[in-house]
Amino acid sequence: MQVMPALAQTNLAALRPDDAGQSRSASATKVEAQPPSGFDGLDESVSTEFDVTFQERAIGSFRATFDNGQLLFADPAAVARALGPGVDTAAATAFLSRPLSANEQFRCRPGVMLGVGCGLLPGDASGIIANPEAFSVTLFLSRQYLVSAISGPRMLGPAMSGPSLIQTARFAVARDGNSGTSYGGTFDTLASLGQNALIAQTTLSDTEGLRAQQLYAQRIWSDRRAAAGLLQDFQSLIFTNYRVLGAELSSFYGTLLDATNDTATPLEILMPQRGQVEIYRNDVLITAARYEAGLQLLNTAALPEGAYTVRIVARDGARVMLDQTRAFSKISNLVPPGKTAFRFRAGARTEDNFLSVDGRGGPGFLPRTTGEVVLSASGQRRVGRSIAASATVTSFDSRVFGETSMQFFRGRFSGLAGVGVGSDGTYSALVSTNIQLPRISFYVSARTTQAPDNVLPIAIDDRYRAFFRSQDTVFGSVQTRVLGGSLGLSGSYTRSSDFPKRYAVGLQYNRSVDLPWAASALLSAGVTKSDFDTRVGFTISFFKRVDRKTTASFTGGGYYVGNSQPGTGGRKGFSPVGEAVLSRREQVGPVDLVAEAGVGTDVDGDRAFGRLRTQSTYGSADAAVQWQKRPFGDAATSYLFNGETGFAIGGGGAKIGMRDPAEAMVMLDLSDIRAPAREDAASTAGTGSGGTQNGNDGNQLAAGGYRITVDGRPYDYIEPGRRVALGLTAFREYQIGLKPEGAPQFDIDSTRRKVTLYPGNVVRMRFEAQRVISLFGQILLEDGSPAAQARIEAGTDYAVADDRGYFTVTAPLSSTIAIRRADGGACVERSIRSLIDAKTPSVLYRFGKIRCSTTGAMLSPTPQPEGKQLAQAPHEAELRRVRTAARSLADAPDAQPDREAPSSLSRLVAREFLRQLD
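For the working numbering, count along the sequence shown from 1 and bump the result up by 14.
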């Protein structure tokens, strides 16, 4: 069944009109001008078995009749049942019971590039694309025939890591010419065993030394969380936060993987085949990931909150399969439908973080307790689909504070309302709302707070304070698109009994401008009126690329400042605004360097600065120096240094130094299984891990390695023999994979692997890279004629011999090479090591001529001599043949339904070899 269509294709492809209009044979194989026996009625009615593919999956062979460009299935119900559970079987059976157009105009034919749209039906259409020569059918069903992909909640699986430790360090040193040197840092420690973790956050300062901000142990199971230790409260919307030395028990829905399905508009799309899906907001790419064929529910966890429109684009390489615009809304912190979130907490309150600032904090690493017993209980439940109501009651000894809030969203409208009351007369109310219309958006927030005794300056006793002063605040903004830009109006007002009334009103306009001599430009103009001063002005900023590594940015304009209050220090009248910054990026070994220098002036003073940022797999650092002259003071020079690094231990390995530390890590090892050492070091082939020269011309091969992908998105680069640690967010599942980059001379299992992460987890993944070589040769039949279209398999790679029998295939030395003739008969199957001089492998090894026999033995392999390498200056005629074969391999298109194609690894090797020859 598989051979006959191949013969038919061979006969069709072998007859090609030449310039004289005559047919010529493309190979030494006998060419038949007529279809073979049994295939002369393809233009008439034919009834046979057809191979059916649906959503890139072969579902089986089914009898059908092909007649006059239409296909009719003999048993449509059997075809519908084979489509799987995601299809409405009854509806699909009804659709498949009628004659279906073959749609041959959409079929991919040899030599037709995929970019023209072959292989897919346009739009969300139902139908088939039939290939009568190959007796194959590709089936497409529109959305109406598919069962929704929105299913029940998916929970995060069990932890994959054993004992793990993640330690991160962020530190800063600053020196101001007027105030001396200061330093500080933050140290996060996460030790875990599966779903149990010890979490600590420690700060370091030149005034207080080391102090613990949080230090607790937690366990997460099912939808519950228990924690004990020094805990910080971040859940209050109305009252100030506090710290407690105690324990808590709560519900926990962070392990719900698709929680956004309940709190956001579901984005469901129909993928005709596997491809990359990109989601844009305001023409900015927000997220991208690969999805399988079929009805897919997109992951919207990375999309920001609010109500807006998104553009969804699905691609297969350069071809766009889908381009849609959808309305979308999302709100966070909503409990799943039908669930009640709760939290119970008990312990002793400790001093607040800010008390250490004025020197009144207790000594030592841990904060001292205030003597107040804390008891707290809270609950939250969904009301309908789009409203969540919550309530919290907390007591500090005899004083009781209660708060209740309500969050809601409906389409393009979302909001929040909350009220808090204390037994000592404290109360507060908060309300905010956000409305997103197609061309205009509104945001309003208002809050009133009443404290019985204002405590600014802070009172000597450190008992819990719900608020520090009575105050009323209102803020609002409106944004719309006008004249190709964005126009925004904003205003704020604050009233307090302890301070003067504050207000500010501003009108700002921004628009991107196309300049013929600049890469991009932004025009800004605005006016601001406040209780301090009035400002009116404009600026225009643009960027220009100097060279591949250097970018220059410029800002120019002016502002007028009037009605300035005495003592505010700003310049009055008109002040020019100007800034010029030059940035250059360099790669020094494994370190990325970015250097910046600039000068500027505006209404607040003059300045000049320089900055150097470095980043590597061991961490990052940022050093800067700035000179500044303000109108109301002397000139001053300041220095700043920031750094970030850390280490991770887990899975029996360790990574010292980390570029992007996070609460969970994936540690990747790409081991290097080396080929046997070469005796002739002068002709060693270069590799991505430092190998050297090709003995003929002394050129070194370009380094090659792999790009790590997370859910299809590119991350760090790794070479064989190296280790990389990726910092990722906890409570997520990821797909980790490797993609070749450059020209790696290695063969690896690049199958994507799933990883589950909880806080503090370090999951170690090992990939093995085997060094490979490319094999070049010619296959001959028993009579000495070329074995055209013979199939060569070696390792995970394969190739098809050209019309003269030449081939190139790439495989590890430890693998086997198997050759079969075009008719499927055996030719050769041998270990690669037994055919070449394994002590002296090169990047490209020349077999010579390989002759087949009916017994499958290799009669007369003629390596010239065995072990001779291409690098040792072969004859010019043979070199031309090698170059031609490598060029054909390097330029080969991707696989298409009508033909196979060499692997991407073989093409990378061929291109690198051509680079050496050229």
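Note that the Cβ used here is the ideal one computed from N, Cα and C, for glycine as well.
Simplified DSSP assignment, three categories, for residue i
i	result
phenylalanine 422	strand
isoleucine 833	strand
glutamine 464	strand
phenylalanine 248	coil
glutamine 158	helix
glutamine 803	coil
isoleucine 670	strand
glutamine 642	strand
serine 848	helix
phenylalanine 482	coil
phenylalanine 781	strand
phenylalanine 120	helix
phenylalanine 556	strand
proline 826	strand
glutamine 883	Model confidence at glutamine 883 stands at a pLDDT of 35, short of 50, so the residue's coordinates are unreliable; what they give is reported in the following sentence. Three-state result, glutamine 883: strand.
serine 140	coil
leucine 6	Nothing about residue 6 can be read from this structure; the chain reaches only from 15 to 932.
aspartate 366	coil
leucine 281	coil
glycine 704	Low confidence applies to glycine 704: its pLDDT is 29, below 50, so where it sits in the model is not reliable enough to give any reading.
arginine 549	strand
glutamate 417	strand
serine 685	strand
leucine 771	strand
threonine 876	Any reading at threonine 876 must be qualified, since the residue scores a pLDDT of 39, below 50, and its modelled position is unreliable; the value itself is stated next. Coil at threonine 876, not helix or strand.
Local Cβ density within 10 Å of residue i, reported as buried at 16 or more and exposed below that
i	result
asparagine 708	Because asparagine 708 carries a pLDDT of 31, less than 50, the predicted location of this residue cannot be relied on, and no value is offered for it.
glutamate 600	exposed
leucine 430	buried
glycine 624	exposed
leucine 155	buried
glutamate 306	exposed
alanine 341	exposed
glycine 243	buried
proline 860	Contrary to the premise, residue 860 reads as arginine rather than proline in this sequence. So arginine 860 counts as buried.
lysine 768	exposed
glutamate 6	Here the chain comprises residues numbered 15 to 932, so residue 6 is not present and cannot be evaluated.
phenylalanine 87	buried
Terminal residues of the beta strand (DSSP E) in which residue i lies
i	result
phenylalanine 109	Unbroken run through phenylalanine 109 is the alpha helix (DSSP H), 103 to 110; no beta strand (DSSP E).
arginine 621	619 to 630
aspartate 65	60 to 68
threonine 945	Residue 945 lies beyond the stretch modelled for the chain, which goes from 15 to 932, so this question has no answer here.
threonine 743	Threonine 743 -> no beta strand (DSSP E), and no H or E assigned at all.
lysine 586	Where lysine 586 is concerned, there is no enclosing beta strand (DSSP E), given that its DSSP letter is neither H nor E.
alanine 431	427 to 436
serine 534	534 to 544
valine 527	516 to 527
leucine 336	333 to 344
arginine 727	727 to 732
arginine 77	71 to 81
alanine 610	The question names alanine, yet the displayed sequence has glutamate at residue 610. Run containing glutamate 610: 605 to 616, per the beta strand (DSSP E) assignment.
serine 409	401 to 410
glutamine 84	84 to 87
First and last residue of the uninterrupted alpha helix (DSSP H) at residue i
i	result
valine 258	Element bounds for valine 258: not the alpha helix (DSSP H) but the beta strand (DSSP E), 257 to 265.
valine 93	90 to 95
Residue i - partner residues in DSSP beta bridges
i	result
glutamine 232	Ala211 and Ala241
glutamine 792	Tyr820 and Lys863
leucine 659	The sequence given here places threonine at residue 659; leucine does not occur at that position. Per DSSP, Ala183.
asparagine 448	Ser428 and Tyr457
arginine 359	Glu262 and Ser390
glutamate 755	Gly719
glutamine 493	Ser455 and Gly502
alanine 566	Lys558 and Leu596
leucine 299	Tyr294
threonine 487	Arg461 and Thr508
Residue i: CB within 7 Å of a non-hydrogen atom of the ligand GTP
i	result
serine 150	Absence of the ligand GTP from the depicted structure is noted, as is the absence of any ligand whatsoever, leaving it without description.
For this session: Any chance you could list the beta strand (DSSP E) runs of at least 3 consecutive residues sitting entirely within the region 170 to 205, in chain order?
Result: 177 to 190
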